[in-house]
Amino acid sequence: MKRFRQGLLQLVIPRTGRAALHIAAGLALLPALLQPAAAIPVRSAAQKPAAPADVCKRLTPRLPGVSLAQCQKLQLQPTGVVSRNGFPLLLKTYPAARNQKEPLRVLLLGGIHGDELTAAAIVFQWMQFMNMGASQAQNFSWRVAPVVNPDGLLAGKPQRVNANGVDLNRNFPTPGWQKDAPAYWTRVTGRDPRRYPGKSPLSEPESRWLNQEIERFRPHVIVSVHAPFGVLDLDGPANPPERFGRLVFNRVGVYPGSLGNYGGANKNVPVITIELPNSLAMPPAEEVRRIWADMLGWMEKNVSTGKPPAAIQRTALR
Numbered sequence: 004m005k006r007f008r009q010g011l012l013q014l015v016i017p018r019t020g021r022a023a024l025h026i027a028a029g030l031a032l033l034p035a036l037l038q039p040a041a042a043i044p045v046r047s048a049a050q051k052p053a054a055p056a057d058v059c060k061r062l063t064p065r066l067p068g069v070s071l072a073q074c075q076k077l078q079l080q081p082t083g084v085v086s087r088n089g090f091p092l093l094l095k096t097y098p099a100a101r102n103q104k105e106p107l108r109v110l111l112l113g114g115i116h117g118d119e120l121t122a123a124a125i126v127f128q129w130m131q132f133m134n135m136g137a138s139q140a141q142n143f144s145w146r147v148a149p150v151v152n153p154d155g156l157l158a159g160k161p162q163r164v165n166a167n168g169v170d171l172n173r174n175f176p177t178p179g180w181q182k183d184a185p186a187y188w189t190r191v192t193g194r195d196p197r198r199y200p201g202k203s204p205l206s207e208p209e210s211r212w213l214n215q216e217i218e219r220f221r222p223h224v225i226v227s228v229h230a231p232f233g234v235l236d237l238d239g240p241a242n243p244p245e246r247f248g249r250l251v252f253n254r255v256g257v258y259p260g261s262l263g264n265y266g267g268a269n270k271n272v273p274v275i276t277i278e279l280p281n282s283l284a285m286p287p288a289e290e291v292r293r294i295w296a297d298m299l300g301w302m303e304k305n306v307s308t309g310k311p312p313a314a315i316q317r318t319a320l321r
């Protein structure tokens with residue numbers, strides 16, 4: 004290394020002018036440039052997550068019907084995992100109030116698709132109900148992730164996909180994903196960029212984190228809120244609901260890589276999908292309460308805390 008630098012200096016010293024000065028100044032960087040790549044520190048966006056105090060300030064302008072004060076009062080906690088763009092993935096835990104041997108464990112999710120603003124906002128409103136001590140909800144143990152895809156929500160124009168252009172609801176490792184997911188995307192959607200499943204299952208930090216949370220929490224039921232079909236759907240071993248509020252049961256289909264397909268058919272966990280009727284405008288306040296109350300009643304009567312029965316197998320659409 005020393006001889007190499009001396010040789011370069013012999014080429015530089017006789018020269019004069021601005022070019023020689025630039026070359027000489029650059030010699031000080033040579034030791035760092037010649038280090039192995041692993042030794043050079045790299046700073047990425049993922050190393051600069053939003054501070055907790057800034058989270059609600061950034062989210063609430065995109066959440067209809069949710070104020071900054073309401074968001075801050077919920078005291079959402081960073082999970083330690085960040086999105087593609089470095090935004091913290093947030094979680095709130097509500098333990099069962101009663102001393103039950105095994106309370107029903109509920110994983111409640113919003114905002115998997117970033118352009119479905121109401122799907123995240125209604126989860127924030129339901130969390131306010133839990134903060135006020137809704138009695139029936141206190142019988143269950145909850146983990147709530149109101150914004151699974153913050154980058155999609157916070158994009159210049161809210162978008163379905165994450166910052167890597169992947170539809171998180173097509174990125175879960177359903178059997179045959181490597182064959183079925185790309186084929187479905189190409190043949191059925193015409194390579195629609197809004198429904199791109201990614202290069203491999205769980206390729207995205209958001210879907211990896213959610214999969215790991217399912218493994219850690221072992222929910223008895225998963226509730227995933229979407230929009231704008233205005234119906235209810237169910238995958239997995241439970242009796243379907245007739246209605247939550249004005250939303251009636253009507254299957255929307257099964258797709259390679261979807262959370263419903265993965266959780267319901269492959270992990271034997273009932274996944275109830277709530278499709279709100281509008282992505283941008285919230286339902287009336289009374290309807291928000293009715294959906295919530297009906298959902299709690301359905302879970303209490305139809306979701307078992309014991310070993311689930313064999314999963315209802317449903318063939319993915321071709």
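Residue numbering for the sequence shown is 4 to 321, as defined by the numbering used here.
Ideal Cβ placement from N, Cα and C applies to all residues, glycine included.
Bear in mind that the values here come from a model prediction, so they are computed numbers and not experimental data.
For this session: Would you give the residue range spanned by the beta strand (DSSP E) that serine 144 belongs to?
Result: 144-148
Exercise. Can you list, in chain order, the stretches of the alpha helix (DSSP H) that have 4 or more residues and sit fully within the segment 65-128?
Worked result: 71-77
Exercise. Using 8 Å as the threshold, is the segment 158-170 in touch with the segment 226-235, meaning 3 or more CB pairs across them?
Worked result: no
For this session: Assign serine 307 to one of three DSSP states: helix, strand, or coil.
Result: coil
For this session: Can you grab the Cα-Cα spacing for the pair glutamine 78 / arginine 190, in whole Å?
Result: 44 Å
Exercise. Tell me the DSSP bridge mates of aspartate 195?
Worked result: DSSP lists no partner for aspartate 195.
For this session: May I ask you to report which of helix, strand or coil DSSP gives leucine 235?
Result: strand
Exercise. Unbroken beta strand (DSSP E) runs of length 3 or more, entirely within the segment 235-286: which are they?
Worked result: 250-252 and 274-278
For this session: Specify the secondary structure class of valine 151 as computed by DSSP and reduced to three states.
Result: coil
Exercise. Taking the alpha-carbon positions, what's the glutamine 80 to proline 204 distance?
Worked result: 27 Å
Exercise. Helix, strand or coil: how does DSSP classify serine 203 here?
Worked result: coil
Exercise. How about the segment 158-165 and the segment 258-265: do they share at least three Cβ pairs that are nearer than 8 Å?
Worked result: no
Exercise. Is DSSP giving valine 228 helix, strand or coil here?
Worked result: strand
Problem set entry | Close Cβ partners of asparagine 152 (< 7 Å) along its chain, the five nearest in sequence each way excluded | Gly114, Ile115, His116, Gly117, Asn165, Leu171 and Glu209
Problem set entry | Interface flag, proline 153 vs chain B, CB-CB below 8 Å | Protein chain content of the structure displayed is limited to a single chain, and chain B is not contained in it.
Exercise. Near arginine 293, what residues of its chain come up, given a Cβ to Cβ distance below 7 Å and the 5 sequence neighbours on each side ignored?
Worked result: Gly248
For this session: Count the other C-beta atoms from every protein chain shown that fall within 10 angstroms of the C-beta of glycine 182, then say buried if there are 16 or more, exposed otherwise.
Result: For the record, residue 182 in the displayed sequence is lysine; it is not glycine. Lysine 182 comes out exposed.
For this session: Take the Cβ of valine 251 as the centre, count every other Cβ of all protein chains shown within 10 Å, and call the residue buried at 16 or more, exposed below.
Result: exposed
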